[in-house]
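Sequential numbering of the sequence shown, starting at 5, is according to my numbering.
Where is the CB? At the ideal position from N, CA and C, for every residue including glycine.
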Amino acid sequence: MGRFSWAGDLSSKAMPLPSIAASLEIDSSATRSCRRMDLLGTWQLVTYSARFRAKDPTAPYLYPHQLFQFSIDGSMKSAHSPKAFIESPGHILGKVPSVLRYEMDPDYPGLVMVKSSGPGAAAETWQCLTITSDRQNPNHPVSVGTGDLVMTLMGRNGEPLFIRYLRKPSRR
5 MGRFSWAGDL
15 SSKAMPLPSI
25 AASLEIDSSA
35 TRSCRRMDLL
45 GTWQLVTYSA
55 RFRAKDPTAP
65 YLYPHQLFQF
75 SIDGSMKSAH
85 SPKAFIESPG
95 HILGKVPSVL
105 RYEMDPDYPG
115 LVMVKSSGPG
125 AAAETWQCLT
135 ITSDRQNPNH
145 PVSVGTGDLV
155 MTLMGRNGEP
165 LFIRYLRKPS
175 RR
């Protein structure tokens with residue numbers, strides 16, 4: 005896979021890490037930029053309310069039940085459903101074709117580029133934080149756990165568009 009590139013000055017693209025953490029009411033001292041090893045494995049979406057929410061309620065990326073898998077070979081899979089998954093995450097993702105690739109940007113810690121294959125392939129840039137210590141905010145319904153991920157979809161001008169909070173299924 006070829007290296008992804010940004011158009012323009014990346015320094016204006018990335019949202020400051022404390023701002024992302026603040027949007028989820030997470031103390032920024034409990035986070036760090038994701039590393040490749042942090043991403044590997046299978047993840048489930050943890051639902052919460054945040055100011056960075058997508059607008060189309062029928063879009064699959066808003067479904068309350070979502071699975072993601074990042075493999076060591078750079079492939080990525082995802083499954084989205086309005087209903088709870090009955091089968092195990094591994095079984096569900098085993099049926100999903102590998103049409104997505106991801107790559108960490110070596111120059112900008114925590115930036116993950118995801119690209120689909122085929123004609124008209126789309127590319128996304130996500131800023132990823134790893135939670136480094138368990139935290140419970142009494143004003144927030146989601147407890148934050150060590151190893152969880154906060155992934156923020158970044159717009160062309162570096163603005164946050166959408167946030168996903170991910171947790172390993174074994175931690176649910």
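Which residue comes first and which comes last in the beta strand (DSSP E) that contains residue i?
{"i": "ARG168", "result": "164-171"}
{"i": "ILE135", "result": "127-135"}
{"i": "LEU153", "result": "153-158"}
{"i": "LEU66", "result": "Where LEU66 is concerned, there is no enclosing beta strand (DSSP E), given that its DSSP letter is neither H nor E."}
{"i": "SER121", "result": "Taken as a continuous stretch (DSSP letters only), SER121 belongs to no beta strand (DSSP E), as it is neither H nor E."}
{"i": "THR35", "result": "35-37"}
{"i": "LYS87", "result": "Counting along the chain, LYS87 falls outside any beta strand (DSSP E), and DSSP gives it neither H nor E."}
{"i": "TYR106", "result": "104-108"}
If we ignore side chains and look at the alpha-carbon of each, how far apart do residue i and residue j end up?
{"i": "GLN140", "j": "GLY149", "result": "9 Å"}
{"i": "ALA88", "j": "ILE96", "result": "12 Å"}
{"i": "PRO123", "j": "VAL103", "result": "12 Å"}
{"i": "LEU66", "j": "ILE90", "result": "19 Å"}
{"i": "THR35", "j": "PRO101", "result": "32 Å"}
{"i": "CYS38", "j": "ARG105", "result": "17 Å"}
{"i": "GLY78", "j": "PRO110", "result": "14 Å"}
{"i": "MET117", "j": "MET155", "result": "11 Å"}
{"i": "MET158", "j": "PRO164", "result": "5 Å"}
Using 10 angstroms around the beta-carbon of residue i, count the other beta-carbons present and answer buried if the total reaches 16, otherwise exposed.
{"i": "PRO93", "result": "buried"}
{"i": "MET41", "result": "exposed"}
{"i": "ASP138", "result": "exposed"}
{"i": "ILE167", "result": "buried"}
{"i": "GLY114", "result": "buried"}
{"i": "ILE135", "result": "buried"}
{"i": "LYS99", "result": "exposed"}
I'd like the span of the alpha helix (DSSP H) that includes residue i, first residue to last.
{"i": "GLY94", "result": "93-98"}
{"i": "ARG40", "result": "40-43"}
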